[in-house]
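Comments concern the structure below.
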Amino acid sequence: MARFSSSPKTVDSPGDTGTYDGYASNAKPKPSNDFYDILGKIIDFGVKIVGVIIYIPARILDNFVDHNKAGVKVLAAAIFMVGIAMSSDSFFQAFGGQPLFPFWEDSWIGIGWLWIWTKINFWAAVVVALAVMWIESKAIRGKKPEQAKSAYEEIKHHTVPEKNKGAIDLVEARRLDYKRAGMGERSILGLFILVVVVADILATFVMSRNPWGQPVLTFIGMFLYNFVSLVAGEAGYVLWCEADRK
Numbered sequence: 002m003a004r005f006s007s008s009p010k011t012v013d014s015p016g017d018t019g020t021y022d023g024y025a026s027n028a029k030p031k032p033s034n035d036f037y038d039i040l041g042k043i044i045d046f047g048v049k050i051v052g053v054i055i056y057i058p059a060r061i062l063d064n065f066v067d068h069n070k071a072g073v074k075v076l077a078a079a080i081f082m083v084g085i086a087m088s089s090d091s092f093f094q095a096f097g098g099q100p101l102f103p104f105w106e107d108s109w110i111g112i113g114w115l116w117i118w119t120k121i122n123f124w125a126a127v128v129v130a131l132a133v134m135w136i137e138s139k140a141i142r143g144k145k146p147e148q149a150k151s152a153y154e155e156i157k158h159h160t161v162p163e164k165n166k167g168a169i170d171l172v173e174a175r176r177l178d179y180k181r182a183g184m185g186e187r188s189i190l191g192l193f194i195l196v197v198v199v200a201d202i203l204a205t206f207v208m209s210r211n212p213w214g215q216p217v218l219t220f221i222g223m224f225l226y227n228f229v230s231l232v233a234g235e236a237g238y239v240l241w242c243e244a245d246r247k
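In this note's numbering, each residue carries its 1-based index in the sequence shown increased by 1.
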């Protein structure tokens with residue numbers, strides 16, 4: 002009798018016994034439960050609805066954060082237009098129009114906003130407000146460093162000779178003209194800017210909303226509102242430039 006069999010022991014195939022090592026075929030698919038499937042779909046749908054409700058305002062607010070987003074530009078444009086309207090209000094009243102806004106006013110244009118665009122004095126006030134804003138902004142900002150440097154480089158080689166005591170008076174007059182060349186225009190320009198600023202202040206604090214003689218709290222409120230109306234156009238323009246920068 003042979004101690005070892007000459008043929009190797011084999012493992013039965015699935016086709017032979019229907020099992021793998023006697024337990025694999027015992028695993029049966031878990032029957033699905035329609036109730037839990039429907040409940041899961043309802044929950045998923047509810048989460049999506051809640052997510053949409055939260056996502057929409059978040060997405061809207063996101064547009065007002067980055068200056069490259071459209072929302073910031075729209076907001077800046079709106080502030081710019083409101084600023085121009087506030088700056089135009091005082092001049093519009095000076096030109097015989099009604100107040101454009103109700104703040105600290107006995108009456109205001111109200112529904113007249115619908116056809117104010119057809120009034121010539123309104124557009125005249127807007128043009129004057131834009132001109133005043135431009136003049137004041139130029140006076141406040143001054144020249145850019147590159148422009149100032151270019152203007153300096155253009156004239157830095159001009160030097161005035163010493164006074165010649167033996168020269169005739171006309172020579173001295175010409176020397177002084179040369180020394181003060183361009184200063185007259187600067188003085189006149191400065192005086193013109195001062196007149197524009199004073200006119201803007203008078204139109205705002207005297208011709209439209211005069212806070213003088215009012216109770217303390219009313220005075221403070223009117224004063225602050227008048228000050229905001231003075232700088233509203235320029236502030237709106239700065240915000241628009243910042244939002245529209247590349």
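Ideal placement from N, C-alpha and C gives every residue a C-beta, glycine not left out.
Alpha carbon of residue i to alpha carbon of residue j, nearest angstrom
i, j, result
"residue 167", "residue 150", "37 Å"
"residue 91", "residue 118", "17 Å"
"residue 175", "residue 182", "10 Å"
"residue 178", "residue 195", "25 Å"
"residue 47", "residue 62", "23 Å"
"residue 1", "residue 64", "There is no way to answer for residue 1, as the model of the chain reaches only from 2 to 247."
"residue 50", "residue 124", "48 Å"
"residue 89", "residue 127", "5 Å"
"residue 101", "residue 205", "13 Å"
"residue 235", "residue 138", "7 Å"
"residue 1", "residue 180", "The structure shown does not extend to residue 1, since the chain is modelled only from 2 through 247, so no value can be given for it."
"residue 106", "residue 116", "20 Å"
"residue 98", "residue 111", "12 Å"
"residue 40", "residue 66", "39 Å"
"residue 240", "residue 75", "11 Å"
"residue 120", "residue 96", "11 Å"
"residue 169", "residue 202", "49 Å"
"residue 189", "residue 113", "41 Å"
"residue 42", "residue 56", "20 Å"
For residue i, the nearest candidate out of the options (CA to CA)
i, options, result
"residue 140", "157, 187 and 163", "187"
"residue 131", "83, 164 and 156", "83"
"residue 233", "217, 169 and 134", "134"
Residue environment, residue i, which counts as buried when at least 16 other CB atoms sit within 10 Å
i, result
"residue 86", "buried"
"residue 160", "exposed"
"residue 243", "exposed"
"residue 210", "buried"
"residue 94", "buried"
"residue 38", "exposed"
"residue 219", "exposed"
"residue 147", "exposed"
"residue 230", "buried"
"residue 36", "exposed"
"residue 73", "buried"
"residue 79", "exposed"
"residue 25", "Residue placement at residue 25 is poorly supported in this model, since its pLDDT is 48, which falls under 50; the coordinates are not used for a value here."
"residue 53", "exposed"
Near the ligand COA: residue i beta-carbon under 7 Å from a heavy atom
i, result
"residue 86", "The ligand content of the structure shown is nil, which means the ligand COA is not present either."
Cβ-Cβ separation, residue j to residue i (assumed contact under 8 Å), whole Å
i, j, result
"residue 208", "residue 215", "Incorrect: roughly 16 Å between the Cβ atoms, too far for contact."
"residue 81", "residue 226", "Between residue 226 and residue 81 the Cβ distance is about 19 Å, and since that is not below 8 Å, they are no contact."
"residue 197", "residue 136", "5 Å"
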